[in-house]
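Here is the structure we will look at, set down as structure tokens.
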Amino acid sequence: MSMWRELEDWLKEDRTIQELKSKAKELGLTVKKQMGKSDVRKMIERFLERAKLTVVGEQTLPTSSSQVKPSVEVSQPSEPIKEDVTLPDTYLKDKLVAMPVNPHWIHFYWDFSEENKALLRSQEIRKVVLRVYDVTYIEFDGTNAHRTFEIIIDPFNLKNYYLNIPMPGAHYLGEIGYYDANGNYKILMRSNLCRIPVNSPSQSTRERWMDLRKRRRIVMPSGGMLTPIVERIPGSVQGMEHLFRISSAGSISVIRLSGKGM
């Protein structure tokens, strides 16, 4: 206690800021450069009060050896529960999802319920197919697609398929169905509409703005380029017959889609 009394008497005298900072550093206190004389003095006084309370508390503690300390059971740390984070092979739900990969590829993945799995195992099923419809800018009713592509799949060993499409920027719809013993096609499930990105810069000249105050989107026509570009296109003075004679434009070609399943 004598040390704290000496410090108390030392603080009663008028000390300079250099003396106060030096004393604070001796006591292990952190002194900042921007602290003034009164700030350093108050910091030392608070330190002195805390020190007095600590000494008083230690003196009031019981020193009798007969006093039994309460026993505290230390619980052993339990081992963390290991969770199974592996994904299941199937969720047993009918689902077909189409996702665009790039302007030339679509990814399809699917899952079947127990009822449809049992149906596909029956002897009446001749083959299971993945159909892809080009439904760009139309209201699809199941029969009016621009083009229809079909791939035979194994529904039990194949769960997804990457399809190489011929037309970027189009809208595609997937469908899984089967052919029965009579050759009739029946649908099982249909996918979401998949919008494929284009493989060239957009031709739109509209400007899109966002009004942050009113939180609304504004679309307006652009003024365009200052100097319009003059373009050139091929042609012939001899008419269409000449073009058909010098080219194979009149022949019909068959496009085959390539793809791969996983």
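In terms of our numbering, the sequence shown is residues 350 to 611. Cβ atoms here follow ideal geometry from the backbone N, Cα and C, with glycine treated the same way.
Query, Result
"Exposure of tyrosine 482, with buried meaning 16 or more beta-carbon neighbours within 10 Å", "buried"
"Which of helix, strand or coil DSSP assigns to arginine 480", "strand"
"Neighbour-count burial assignment, tryptophan 459, 16 or more Cβ in a 10 Å radius", "buried"
"Separation of leucine 402 from glutamate 357, as counted between CA atoms", "14 Å"
"Under 8 Å between C-beta atoms of leucine 445 and arginine 539", "yes"
"Inter-stretch contact (C-beta, 8 Å, three-pair minimum) for the stretch 465-477 and the stretch 510-522", "no"
"Under the three-state DSSP convention, the category isoleucine 514 falls into", "coil"
"Identity of the residues DSSP links to phenylalanine 457 by a beta bridge", "Ala447, Tyr510"
"For asparagine 465, the first and last residue of its enclosing beta strand (DSSP E)", "No beta strand (DSSP E) holds asparagine 465; the alpha helix (DSSP H) holding it covers 463-469."
"Cβ shell of arginine 475 (< 8 Å), same chain only, five flanking positions each side left out", "Tyr527, Tyr528, Asp529, Ala530, Gly532"
"contact_flag[the stretch 542-558, the stretch 517-525] where n(CB pairs < 8 Å) is 3 or more", "yes"
"Distance between arginine 557 and lysine 563 (C-alpha atoms, nearest Å)", "15 Å"
"Own chain partners of threonine 485 with C-beta closer than 7 Å, once the 5 adjacent residues on each side are dropped", "His495, Ala519, His520"
"Environment of tyrosine 510 [buried if 16+ CB atoms lie within 10 Å]", "buried"
"Beta-carbon contacts of aspartate 443 that lie in its chain and below 8 Å, excluding the five residues immediately before and after", "Asp460, Phe461, Ser462, Asn465, Leu537, Met538"
"Rounded separation between arginine 390 and methionine 352 - CA only", "17 Å"
"C-alpha distance - methionine 559 paired with aspartate 438, whole-angstrom precision", "45 Å"
"Inter-residue CB distance, valine 478 and isoleucine 502 (contact presumed, cutoff 8 Å)", "7 Å"
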